[in-house]
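K.L.:
Residue numbering for the first sequence follows my numbering, starting at 1255 and increasing by one per position. Handing you a structure now.
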Amino acid sequence: MSATRCWLVKSEPGAFSFDDLLAAPKKTTSWNGVRNYLARNYMRDLMKKGDKVLFYHSNADPTAIVGVAEVAREAYPDPEQFDPKSEYHDPKSKKDAPTWMMVDIKAVKKLKHPLTLAELKGTKGLEKMVLLQKGSRLSVQPVTPAEFDVIVAAASTARSPAR
DNA sequence: GCCAACGTTGGC
DNA sequence: GCCAACGTTGGC
1255 MSATRCWLVK SEPGAFSFDD LLAAPKKTTS WNGVRNYLAR NYMRDLMKKG
1305 DKVLFYHSNA DPTAIVGVAE VAREAYPDPE QFDPKSEYHD PKSKKDAPTW
1355 MMVDIKAVKK LKHPLTLAEL KGTKGLEKMV LLQKGSRLSV QPVTPAEFDV
1405 IVAAASTARS PAR
């Protein structure tokens, strides 16, 4: 069997939080608006139905991985690229050869203990995680299965003592 | 093809 | 609000 890939997506909770995803119909949303080629390539070429997805809150207080989701539908064209009124409109994209693709993401579970960026930085086994690399801005990024397991395990055990 | 200027992301 | 890092654009 081919190994299930793991991913991490970023969202600003003020725009779309994990709770928003849990409240969405079928706990599912289309991951539209990604306008970065590398992130697009991951979605278009590599994300498969059932792949696990970590949900990260950026520009938040605190910034943290807050939930687990999965790929519910594989890549299809993002309709907003063709909508002149959308902030994601791309006049250069052609209908018969769409530039931008998206997948559907479905919530699986909220983490009992969100893992903050600070905690992630102090967790053994995550030293090479893309999210923790300096200047890493990718909104859709790969996570190794080992990293995924470390994160889920850390989120299910007691929160690090605050005092 | 190079690279400077600009816009955006995202932590702090 | 600041600023470092990155991606994209466009002149040449």
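By construction, the Cβ of each residue, glycine as well, lies at the ideal position given by its N, Cα and C atoms.
Taking the C-alpha atoms as reference points, what is the distance between H1367 and L1392?
P.N.:
Your numbering for residue 1367 matches position 113 in the first sequence. Your numbering for residue 1392 matches position 138 in the first sequence. Near 24 Å, if we compare the C-alpha coordinates of L1392 and H1367.
K.L.:
Helix, strand or coil: which one does DSSP assign to P1396?
P.N.:
Residue 1396 sits at position 142 when you count from the first residue of the first sequence. Looking at P1396 - three-state DSSP - the assignment turns out to be strand.
K.L.:
Give, in chain order, every unbroken run of the beta strand (DSSP E) that is at least 3 residues long and sits entirely within the stretch 1297-1365.
P.N.:
Counting whole runs of 3 or more residues, the stretch 1297-1365 contains the beta strand (DSSP E) stretches 1306-1311, 1318-1331.
K.L.:
From K1375 to K1363, what does the alpha carbon distance come to, in whole angstroms?
P.N.:
Counting from 1 along the first sequence, the entry for residue 1375 is found at position 121. Counting from 1 along the first sequence, the entry for residue 1363 is found at position 109. Each residue's Cα considered, the two are about 23 Å apart.
K.L.:
Using DSSP bridges, identify the partner residues of V1263.
P.N.:
Taking the first sequence and counting its residues from 1, one reaches residue 1263 at position 9. Partner(s): F1309, V1394.
K.L.:
How do the stretch 1382-1389 and the stretch 1327-1339 stand: do at least 3 beta-carbon pairs fall below 8 Å, yes or no?
P.N.:
The stretch 1382-1389, when compared against the stretch 1327-1339, does not touch it at the 8 Å Cβ threshold.
K.L.:
Any idea what DSSP makes of L1369, helix, strand or coil?
P.N.:
Within the first sequence, the letter at position 115 stands for residue 1369. Three-state DSSP puts L1369 in a strand.
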